[in-house]
DNA sequence: AGTTGTGGTGGAAGCGCTTCCATGAAAGAC
DNA sequence: GTCTTTCATGGAAGCGCTTCCACCACAACT
């Protein structure tokens, strides 16, 4: 792969030792400013790039982060897909590599090994998998890690999150305030944090208004579009005047079935989702939803991890503000 | 990160030198079988994992492959999404890491640098980007690489492909043979190899039957669902009795619009797509299409790359057989 | 002037691995 | 029985980097 420019070359060109050059380039203290400048110049003019494998081996960082996904399928999981996309972008813009660590049949070994093998400096973990043995195993190995999505039972782990509970409560609250009284909900995969929080938000909205949740309006889903479709008949049977699906995918599934049965949305039933993923799908309509700001989320999570790697500090949990997407599946007052 | 088991430990436990242990573990010649066995035992019982950064630095391989994507968006690109998913799985199952190298604003540097930085042993490149400067640059740097999708002008580069042209021709041929006479086509992004080949297949099917293509039935698209929708009015204006969209996404867009205009599919117009991605989308119907066998494709492409890295040989171009998906958007004879 | 900082600097060690090369033992050839 | 060939084996070098530590110069104190 052609002649490689090493740190030695840079040091020589700058007239300093390799040690000084290394410090200069890595922003370590103990280098005079003019020397630092001189080294930078030399590096640039030689088109130097540090060998990350060597840096890593010598105790530095390889500048590679792993993204641990709680799923092995991307093709029907807009949330995971958007996360991958955004994190990849954010990592690249910070000159970090992104290693994709998907949940695998051989998860136990695979992901853990990538980390053990020293290929990855730190990991970003989708919080939905916290609690699973292979993740606990990973966390126990003390790799620097940041969760996407705070985990209530693990407040000590760094995390970046949107306000699942509050947002869900606001969304459902809006429905209640605009006159809906029988709001059904299709939950996400129970046991997943985001699913629980969104369900909790649903309950909170009711409680805040002194209302009691009719438990027969709570339907258990799994975040997949298919379940939204399949469960729609049951939901319709409960005669709700609104539906809060824990993500847009299930909302889409529900709407598909409802329309097949000639139910008017939002006329007969208002529908709200979560994630905002309906926006990208050219459905012909958009679902009222909470938009996960994936780009901001990803940039933040990468920044938190990178600063953690650099030994810096950051708030344990960083919140990212979500946005309300006023879609076509609810009725909005004029103005 | 706890105590790390090194090759030295393994060698000591097996009662051999580090050199021998290395050779044994890497399947290099010059080690007696019983020794090889003993080393393997020791490694297993110590739960040894080689440090890939060190291996890489020392001239070995890091067992990391890069996946170079021709897009920076996954969320509305089922093809890219499926590719990522399948390649990640295939790589993991072969104990290789997968570095995601998306096309970036700073593509020129980013991807190239990851490779230069020695983080990646070889790359898998989506052939759609061959010809772009940053890719040419990458190829010129002599990194072992394999294309997903053969590139007609670069037959010398290893590639794995499905028969785009032949499959498209078969699909369109089927429409012609079943009585359609005005088949419109919505092409992919012109300039992309797969788009050209599928269009060529469309023409070939006509030629094979001594028919001439009515050029007013050729509509230029870009593989996105939106364009399928937007261009639908024009397409319908040409009064076709069938439509061949260069991928399922555009077919979906077209169908959405056609149905809004109360066109019966497949009654009034038969529609065929490509990729088979409609399968995963719970649309309520499936589009007659050519299924890209992503898992097979991914495994093959990873295998070709890995064997290339190992210095082995492979056919320059490997073809993977696609499958016909008999969907609901064309009419099939009974039986 | 003598002493104690202070902070920039380079020498050298060493991260864990692969591979070159010299060594030595075993096996075949004369 | 000696001489060569073959092949497994271990010693040692070195991949490119970071960092420890000793060093030195200079400034700021008694």
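Protein chains in written order, with this note's numbering: chain A, 799 to 1133; chain B, 799 to 1133.
Virtual Cβ for every residue (Gly too), placed ideally from N, Cα, C.
For residue i, collect the residues of the same chain with a Cβ closer than 7 Å to its Cβ; drop the 5 residues on either side in sequence, then sort them by chain order.
i	result
residue 805 of chain A	816, 819, 820 and 848
residue 799 of chain A	Confidence at residue 799 of chain A is low in this model, with a pLDDT of 45, below 50, so the placement of that residue should be treated as unreliable; the coordinate-derived value is given next. So no residue of the chain qualifies.
residue 1107 of chain B	859, 919, 920 and 942
residue 1074 of chain B	1046, 1087, 1088, 1089, 1090 and 1123
residue 952 of chain B	928
residue 870 of chain A	900, 901 and 902
residue 841 of chain A	808 and 823
Does any residue of chain B have a CB that is nearer than 8 Å to the CB of residue i?
i	result
residue 1027 of chain A	yes
residue 1097 of chain A	no
residue 1101 of chain A	no
residue 1078 of chain A	yes
residue 816 of chain A	no
residue 1134 of chain A	No statement about residue 1134 of chain A is possible, as the shown extent of chain A runs from 799 to 1133 and does not include it.
residue 935 of chain A	no
residue 1059 of chain A	no
residue 823 of chain A	no
residue 986 of chain A	no
residue 806 of chain A	no
Comparing the C-beta of residue i with each C-beta of chain A, is any distance below 8 Å?
i	result
residue 799 of chain B	Legend: pLDDT at residue 799 of chain B = 45, less than 50; position of this residue unreliable, value from coordinates given subsequently. With 8 Å as the cut-off, residue 799 of chain B counts as an interface residue toward chain A.
residue 949 of chain B	no
residue 1112 of chain B	no
residue 862 of chain B	yes
residue 1120 of chain B	no
residue 1131 of chain B	no
residue 850 of chain B	yes
Which same chain residues, not among the five before or five after residue i, have their C-beta less than 6 Å away from its C-beta?
i	result
residue 1099 of chain A	922, 944, 946 and 958
residue 980 of chain A	1038 and 1039
residue 1021 of chain A	986, 987 and 1045
residue 967 of chain A	999, 1002 and 1003
residue 872 of chain A	878 and 879
residue 1092 of chain A	880 and 884
Starting from the beta carbon of residue i, find every residue of chain A whose beta carbon is closer than 8 Å, and list them in chain order.
i	result
residue 888 of chain B	Residues of chain A passing the Cβ test: none, with the nearest at roughly 11 Å.
residue 1051 of chain B	1080
Residues of chain B with a CB under 8 Å from the CB of residue i: which are they?
i	result
residue 912 of chain A	895
residue 900 of chain A	883, 886, 887 and 890
residue 1024 of chain A	1080
What are the residues that DSSP puts in a beta bridge with residue i?
i	result
residue 1042 of chain A	A:983 and A:1070
residue 864 of chain A	A:897 and A:921
residue 1118 of chain A	A:960
residue 1123 of chain B	B:1087
Can you list the residues of chain B that residue i reaches, using a CB-CB cut of under 7 Å?
i	result
residue 879 of chain A	872, 873 and 879
residue 1004 of chain A	Ordered by position in chain B, no residue passes the 7 Å Cβ test against residue 1004 of chain A, which lies about 30 Å from the chain.
residue 847 of chain A	911, 914 and 915
residue 854 of chain A	851
I'd like the list of long-range same chain contacts for residue i, defined as Cβ closer than 8 Å, with 5 residues on each side in sequence excluded.
i	result
residue 860 of chain B	850, 851, 853, 854, 895, 916, 917, 918 and 919
residue 1041 of chain A	981, 982, 983, 984, 1033, 1049, 1052, 1067, 1068, 1069 and 1070
residue 1111 of chain A	1105
residue 813 of chain A	836
residue 1081 of chain A	1050
For residue i, go through chain B and note every residue whose CB falls closer than 9 Å to its CB, in chain order.
i	result
residue 876 of chain A	873
Which residues in chain A sit within 9 Å of residue i, going by Cβ to Cβ distance?
i	result
residue 1054 of chain B	1080, 1081 and 1082
In the segment 1048-1104 of chain B, which residue ranges form an unbroken beta strand (DSSP E) of at least 3 residues, counting only runs that do not cross its ends? DSSP runs (the beta strand (DSSP E)) wholly in the segment 1048-1104 of chain B: 1068-1070 and 1087-1089.
Please specify which runs of the beta strand (DSSP E), each continuous and at least 3 residues long, are wholly inside the segment 873-945 of chain A, giving them in chain order. Listed in chain order, the beta strand (DSSP E) runs fully inside the segment 873-945 of chain A are 895-899 and 920-924, counting runs of at least 3 residues.
To test your reading of the DSSP string, which unbroken alpha helix (DSSP H) runs of 4 or more residues are found completely within the segment 959-1043 of chain B? Taken in chain order, the complete alpha helix (DSSP H) segments of 4 or more residues contained in the segment 959-1043 of chain B are 962-975, 991-1006 and 1023-1035.
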